[in-house]
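Line order of the protein sequences matches chains U and X. FYI, in this note's numbering the residues of the first sequence are 1 to 223. FYI, in this note's numbering the residues of the second sequence are 224 to 446. Inspection log for the structure reproduced underneath, given as structure tokens.
There are 2 protein chains.
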Amino acid sequence: MREIPGIPYRFKDPGLLALAVSHRSVGRVNNERLEFLGDSILNFVVSARLFTLKEDNNEGELSRLRARVVRGDTLAELAIGLKLGDYIKLGEGELRSGGYKRDSILADTLEAIFGAVYLDGGFKPCEAVILHVCNPFIALLPDADELKDPKTRLQEWLQGHGYPLPEYTLLSEDGPPHKKQFLLQCTGEAAGIEVTGKGGSRRKAEQIAAAAALEFIAKKPKK
Amino acid sequence: MREIPGIPYRFKDPGLLALAVSHRSVGRVNNERLEFLGDSILNFVVSARLFTLKEDNNEGELSRLRARVVRGDTLAELAIGLKLGDYIKLGEGELRSGGYKRDSILADTLEAIFGAVYLDGGFKPCEAVILHVCNPFIALLPDADELKDPKTRLQEWLQGHGYPLPEYTLLSEDGPPHKKQFLLQCTGEAAGIEVTGKGGSRRKAEQIAAAAALEFIAKKPKK
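In structure tokens:
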């Protein structure tokens with residue numbers, strides 16, 4: 001095999017492609033080193049693309065946008081689009097447990113293929129392959145602003161409107177130790193905000209309360 | 224300025240080099256976006272180099288080796304070797320507080336210069352610059368094994384010699400809340416190990432105890 005449909009590259013060395021689709025469950029000779037390499041070139045190519053595309057975003061925003069593209073969920077989704085599951089070589093155990101459908105295996109294999117293309121063809125062809133696969137997703141990225149967590153967004157909105165920072169107060173802590181539930185109140189008096197959030201950790205509850213506050217702001221009739 | 228001595232690249236666009244050495248303390252137009260880009264290409268070029276150089280290392284070992292090269296300490300050391308501090312543009316406050324000597328600023332500027340070389344000259348020249356700067360350090364990297372933390376190394380030694388895993392027991396917890404000291408015992412009875420470790424967290428104390436155990440093993444007369 002020298003090609004995978006949907007990946008616009010023909011391997012000179014079919015052994016590299018075979019290695020790239022070999023999950024560690026098949027044995028000692030597997031795609032883990034290629035995945036290490038592929039992960040780093042993917043990261044770079046996406047960084048360079050976002051750098052050019054998003055001229056108005058600062059480095060923090062670029063980092064958040066990049067994280068969206070290179071995270072396991074996204075790569076698995078892209079791998080599914082390429083039907084990579086049909087090509088992955090797995091050991092018997094993984095085959096039986098449906099490993100070819102597992103997100104992490106799909107994502108890792110896609111990275112390993114990028115690494116293999118780089119070794120086989122060099123930087124330019126690999127860059128072209130990565131952009132071909134990732135560009136449709138990159139084109140649909142939300143604004144960097146929307147990628148910020150709710151607490152940060154709430155804080156920025158309040159500051160931008162001259163309000164003081166919100167306060168988070170713990171109202172209650174319920175449940176057994178391994179399954180605690182925290183109930184928090186988020187107050188921004190001057191902005192008329194008083195909402196609550198519930199979650200499995202203090203942090204989570206704060207984020208949920210902040211999201212509720214943002215929703216409250218969005219619904220509030222503009223003066 | 225089109226060049227920095229020690230960095231074998233002549234900029235077509237001197238503005239890019241000027242931007243690369245502009246710390247954020249000079250104002251809104253600074254090197255932070257270039258640093259984002261440079262960090263990612265550095266990461267990739269070093270990954271690819273280690274991939275080729277260290278054929279016997281697995282992906283975990285490659286990651287540890289890479290971390291040694293791209294971490295702030297190392298980059299600052301390389302930047303000092305290049306006398307980068309003489310070229311960095313800082314705001315007045317940073318100038319007065321000696322910012323040009325600060326490790327993080329030196330490291331960030333070196334990354335930004337890599338990013339600028341990529342934008343100005345493309346991948347190949349940038350790869351050459353990065354390898355020129357980093358190769359002397361890469362050549363002196365210790366074996367991947369030595370980069371493992373003491374707990375991991377102790378565990379592997381014990382397993383390799385057919386011994387059971389070591390046990391870590393908390394002996395005491397002293398001091399005020401913000402300055403706790405943990406005293407732990409590390410026991411590997413079958414291997415004759417019984418040492419202690421002290422540290423500011425349980426984790427740290429465990430690592431220190433494991434290091435003591437490794438020292439004990441190294442000193443033990445071989446049977």
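We treat Cβ as the ideally placed atom computed from N, Cα and C, and that holds for glycine.
Check: Closest to L354(X) by CA distance: which of L265(X), N254(X), V418(X) and Y386(X) is it?
Finding: The residue given as residue 354(X) occupies position 131 in the second sequence. It is L265(X) whose Cα lies nearest to the Cα of L354(X).
Margin query: Going by DSSP in three states, D174(U) sits in which element: helix, strand or coil?
Written below: Within the first sequence, numbered from 1, the residue matching residue 174(U) stands at position 174. If DSSP states are grouped into helix, strand and coil, D174(U) belongs with the strands.
Checklist line | Buried or exposed by the 16-neighbour rule on C-beta atoms within 10 Å, applied to N30(U) | finding: As a working note, residue 30(U) is residue 30 in the first sequence. Buried, because 16 or more other Cβ atoms sit within 10 Å of the Cβ of N30(U).
Notebook entry, point to check: Which residues in the same chain as D326(X) place their Cβ atom closer than 8 angstroms to its Cβ, once the five residues preceding and following it in sequence are excluded?
Noted result: Counting from one through the second sequence, the residue named residue 326(X) turns up at place 103. Closer than 8 angstroms at the Cβ level, and outside the excluded window around D326(X), lie G295, D296 and A299.
Next item on the list: Count the other C-beta atoms from every protein chain shown that fall within 10 angstroms of the C-beta of E334(X), then say buried if there are 16 or more, exposed otherwise.
Entry: What you label residue 334(X) is simply residue 111 of the second sequence in a count that begins at 1. By the 10 Å Cβ count, E334(X) comes out buried.
Next item on the list: Would you please state the rounded distance, in angstroms, between the beta carbons of V244(X) and Y310(X)? I believe it to be under 8 angstroms.
Entry: Locating residue 244(X) in the second sequence gives position 21, counting from the first residue. Locating residue 310(X) in the second sequence gives position 87, counting from the first residue. Rounded, the Cβ-Cβ distance is 5 angstroms, consistent with contact.
Next item on the list: Name, going along the chain, the residues of the region 244–276 of chain X whose beta-carbon falls closer than 7 angstroms to a beta-carbon of chain U.
Entry: E255, R256, E258, F259, L260, S263, I264, N266, F267, S270, A271 and F274
Margin query: Taking 9 angstroms as the threshold (C-beta atoms), are G422(X) and L437(X) in contact?
Written below: Locating residue 437(X) in the second sequence gives position 214, where the first residue counts as 1. Locating residue 422(X) in the second sequence gives position 199, where the first residue counts as 1. Against a cut-off of 9 angstroms, the Cβ pair of G422(X) and L437(X) comes out as no contact.
Checklist line | Contacts that S63(U) makes with chain X (C-beta to C-beta distance below 9 angstroms) | finding: In the first sequence, counting from the first residue as 1, residue 63(U) sits at position 63. Chain X residues near S63(U): F259.
Notebook entry, point to check: Can you tell which of S201(U), R33(U), R28(U) and G99(U) has its C-alpha closest to the C-alpha of G175(U)?
Noted result: Position 175 of the first sequence holds residue 175(U). Of the candidates S201(U), R33(U), R28(U) and G99(U), the one whose C-alpha sits nearest the C-alpha of G175(U) is S201(U).
Item checked: Beta-carbon gap between E61(U) and D145(U) smaller than 9 angstroms -> Counted from its first residue, the first sequence places residue 61(U) at position 61. Counted from its first residue, the first sequence places residue 145(U) at position 145. Cβ atoms of E61(U) and D145(U): closer than 9 angstroms.
Notebook entry, point to check: Residues of chain X with a CB under 7 angstroms from the CB of F123(U): which are they?
Noted result: Within the first sequence, the letter at position 123 stands for residue 123(U). In chain order: F346.
Notebook entry, point to check: Using the C-alpha atoms, what's the distance from E94(U) back to Q382(X)?
Noted result: Taking the first residue of the second sequence as 1, we reach residue 382(X) at position 159. Taking the first residue of the first sequence as 1, we reach residue 94(U) at position 94. Near 26 angstroms, if we compare the C-alpha coordinates of E94(U) and Q382(X).
Item checked: Assigned exposure category for R96(U) - 16 Cβ within 10 Å defines buried -> In the first sequence, residue 96(U) corresponds to position 96, counting from 1. Answer is exposed; the Cβ neighbour count stays below 16.
Next item on the list: Could you tell me whether the Cβ of G338(X) comes closer than 9 angstroms to any Cβ of chain U?
Entry: Counted from its first residue, the second sequence places residue 338(X) at position 115. Answer yes: the Cβ-Cβ gap between G338(X) and chain U drops below 9 angstroms somewhere.
Notebook entry, point to check: Beta-carbon of Y232(X) versus every beta-carbon of chain U: anything under 9 angstroms?
Noted result: On the second sequence, residue 232(X) is found 9 positions in, with the first residue counted as 1. No, Y232(X) lies away from the interface with chain U (no Cβ there is under 9 angstroms from its Cβ).
Margin query: Give me, in chain order, the residues of the same chain whose beta-carbon lies closer than 7 angstroms to that of K312(X); leave out the 5 immediate sequence neighbours on both sides.
Written below: Numbered from 1 along the second sequence, position 89 holds the residue referred to as residue 312(X). If we look at K312(X) and ignore the five residues flanking it on each side, its Cβ neighbours are V244, S245, H246 and V249.
Notebook entry, point to check: Taking three-plus beta-carbon pairs below 8 angstroms as touching, is the region 271–278 of chain X in contact with the region 357–373 of chain X?
Noted result: yes
Note to self: I'd like to know if N135(U) contacts chain X, where contact means its C-beta is closer than 9 angstroms to some C-beta of that chain.
What the structure shows: If you number the first sequence from 1, residue 135(U) lands on position 135. It does not: the Cβ of N135(U) has no partner Cβ on chain X nearer than 9 angstroms.
Notebook entry, point to check: If you measure from the beta carbon of Y323(X) to each beta carbon in chain U, is any gap under 9 angstroms?
Noted result: On the second sequence, position 100 is the one that residue 323(X) refers to. Output row for Y323(X): interface = no.
Next item on the list: Report the partner residues of F182(U) according to the DSSP bridge assignment.
Entry: As a first step, residue 182(U) must be located in the first sequence, where it is residue number 182. Beta-bridge pairing links F182(U) to E173(U) and G199(U).
Notebook entry, point to check: Of all the residues that make up the region 134–167 of chain U, which are near chain X by a beta-carbon distance shorter than 8 angstroms?
Noted result: none
Check: Which residue comes first and which comes last in the alpha helix (DSSP H) that contains G60(U)?
Finding: Numbered from its first residue, the first sequence carries residue 60(U) at position 60. Run containing G60(U): E59 to V70, per the alpha helix (DSSP H) assignment.
Note to self: Using 9 angstroms as the threshold, is the C-beta distance between R33(U) and N281(X) below it?
What the structure shows: Looking up residue 33(U) in the first sequence gives position 33. Looking up residue 281(X) in the second sequence gives position 58. Yes. Within cutoff.
Notebook entry, point to check: Using a beta-carbon distance below 9 angstroms, is Y118(U) in contact with chain X?
Noted result: As a working note, residue 118(U) is residue 118 in the first sequence. Closer than 9 angstroms: yes.
Note to self: Quick check: the Cα distance between Q155(U) and K54(U), rounded to an integer number of angstroms?
What the structure shows: Position 155 of the first sequence, counted from the first residue, corresponds to residue 155(U). Position 54 of the first sequence, counted from the first residue, corresponds to residue 54(U). Roughly 24 angstroms between the two C-alpha positions.
Check: With 9 angstroms set as the bound, which would you pick, yes or no: does the beta-carbon of E127(U) sit closer than that to a beta-carbon of chain X?
Finding: Sequence index remark: in the first sequence, residue 127(U) carries index 127 (1-based). Taking Cβ atoms only, chain X reaches closer than 9 angstroms to E127(U), which makes this a yes.
Note to self: Please tell me whether E282(X) has its Cβ less than 9 angstroms away from any Cβ of chain U.
What the structure shows: One-based indexing of the second sequence puts residue 282(X) at position 59. By this cut-off, E282(X) is an interface position.
Item checked: D236(X) versus D343(X) - alpha carbon distance -> What you label residue 236(X) is simply residue 13 of the second sequence in a count that begins at 1. What you label residue 343(X) is simply residue 120 of the second sequence in a count that begins at 1. Rounded to the nearest angstrom, the two C-alpha atoms are 7 angstroms apart.
Check: Mind checking whether D331(X) and E258(X) have CB atoms under 9 angstroms apart?
Finding: Start at 1 with the first residue of the second sequence, and residue 331(X) comes out as number 108. Start at 1 with the first residue of the second sequence, and residue 258(X) comes out as number 35. The answer is yes: Cβ separation under 9 angstroms.
Next item on the list: Determine the direct distance from the alpha carbon of G314(X) to that of K306(X), and round the result to whole angstroms.
Entry: For the purposes of this step, residue 306(X) is identified with residue 83 of the second sequence, where counting begins at 1. For the purposes of this step, residue 314(X) is identified with residue 91 of the second sequence, where counting begins at 1. For K306(X) and G314(X), the distance between alpha carbons rounds to 19 angstroms.
Notebook entry, point to check: My guess is that E396(X) and F405(X) are in contact by the Cβ rule of under 8 angstroms, so how many angstroms apart are they, rounded?
Noted result: Counted from its first residue, the second sequence places residue 396(X) at position 173. Counted from its first residue, the second sequence places residue 405(X) at position 182. Contact flag correct, Cβ pair sits at about 6 angstroms.
Next item on the list: For L288(X), collect the residues of the same chain with a Cβ closer than 8 angstroms to its Cβ; drop the 5 residues on either side in sequence, then sort them by chain order.
Entry: Start at 1 with the first residue of the second sequence, and residue 288(X) comes out as number 65. The answer, listed in chain order, is L273, K277, N280, L364, A367 and L370.
Note to self: Helix, strand or coil for E3(U)? Go by DSSP, reduced to three states.
What the structure shows: If you number the first sequence from 1, residue 3(U) lands on position 3. E3(U): coil per DSSP, three-state reduction.
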